[in-house]
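Report on the following structure.
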Amino acid sequence: MISSEAKILIVEDESIVAKDILSKLSDLGYDFVTIASTGNEALKKVYLDKPDLLLMDIMLSRGNYDGIETVQEILDKMDLPVIYLTAYADESTLLRSKPTRPYGYLLKPFQTKELQIAIEIALNKHGLDKKRKRERRNMSAILHGVKDLIKNSSEEAGV
């Protein structure tokens with residue numbers, strides 16, 4: 001997939017900020033971008049739209065979930081790269097975000113180039129991670145097949 005064809009979901013509760021990010025993404029050539037303003041709305045859009053990348057504000061002020069809780073809920077069901085967007089650089093927020101294995105962490109306000117770099121790296125790394133997982137599954141299947149073959153051969157030989 002060409003990265004500009006990636007489907008991106010922005011989860012941001014401040015509409016001015018969300019529209020600014022949307023404008024930056026549009027300027028960078030990303031055409032498949034949607035916006036959610038709450039964690040619940042993000043969950044619905046993730047399952048319906050199946051985005052390739054999630055840009056998640058950590059401190060969502062509306063709804064039942066903050067950004068980290070929303071990401072955890074999503075990751076429990078699907079594999080999706082996440083870049084956190086936040087104005088908070090405190091240690092406790094960073095520590096809370098770590099278990100969700102984000103692919104990036106951008107401090108607001110950020111420049112368009114920083115956003116582009118974070119997206120490109122996240123999409124590339126996630127693609128490599130998916131390929132590596134697929135190769136591991138294939139190798140495991142091959143090893144199980146060899147193990148079964150050896151077991152069956154041993155049984156047939158009366159060993």
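Numbering of the sequence shown is given in full-length UniProt numbering, commencing with residue 1 and proceeding in unit increments. Beta carbons: idealized from backbone N, C-alpha and C, even for Gly.
**Study point:** Integer-rounded CB distance, given that residue 105 should sit under 8 Å from residue 97
**Key:** 7 Å
Practice item. Evaluate contact between the segment 44 to 58 and the segment 6 to 16, counting only Cβ atoms and requiring at least three cross-stretch pairs below 8 Å. Key: yes
Check your understanding: Tell me which same chain residues have a C-beta within less than 6 Å of the C-beta of residue 129, skipping the five on either side of it?
Key -> none
Exercise for review: State yes or no: is the C-beta of residue 24 within less than 8 Å of the C-beta of residue 112?
Suggested key: yes
Review point. Which residue's Cα is closest to the Cα of residue 27: 122, 100 and 4?
Key: 4
Review point. Closest by CA to residue 161, which one among 87, 90, 36 and 116?
Key: The first residue shown for the chain is 1 and the last is 159, placing residue 161 beyond what the model contains.
Point to revise | Through-space distance from residue 146 to residue 100, alpha-carbon basis | key: 36 Å
Exercise for review: For residue 39, I'd like the list of residues in its chain whose CB is within less than 8 Å of its CB, leaving aside the five on either flank, ordered along the chain.
Suggested key: 11, 60, 63, 64, 65, 66, 67, 69, 70 and 73
Check your understanding: What are the start and end residues of the beta strand (DSSP E) that includes residue 36?
Key -> 32 to 36
**Study point:** Rounded straight-line distance, which links the Cα of residue 133 to that of residue 33
**Key:** 27 Å
Exercise for review: Following the continuous beta strand (DSSP E) through residue 19, name the residue where it begins and the one where it ends.
Suggested key: From DSSP, residue 19 is part of no beta strand (DSSP E) but of the alpha helix (DSSP H) over 15 to 27.
Exercise for review: Output the distance between the C-alpha atoms of residue 86 and residue 108, rounded to the nearest integer angstrom.
Suggested key: 6 Å
Point to revise | Beta-carbon proximity of residue 118 to residue 83, cut-off 8 Å | key: yes
**Study point:** Nearest to residue 79 (by Cα), restricted to the options 127, 17, 16 and 110
**Key:** 127
Check your understanding: In whole angstroms, what is the alpha-carbon distance linking residue 143 and residue 156?
Key -> 20 Å
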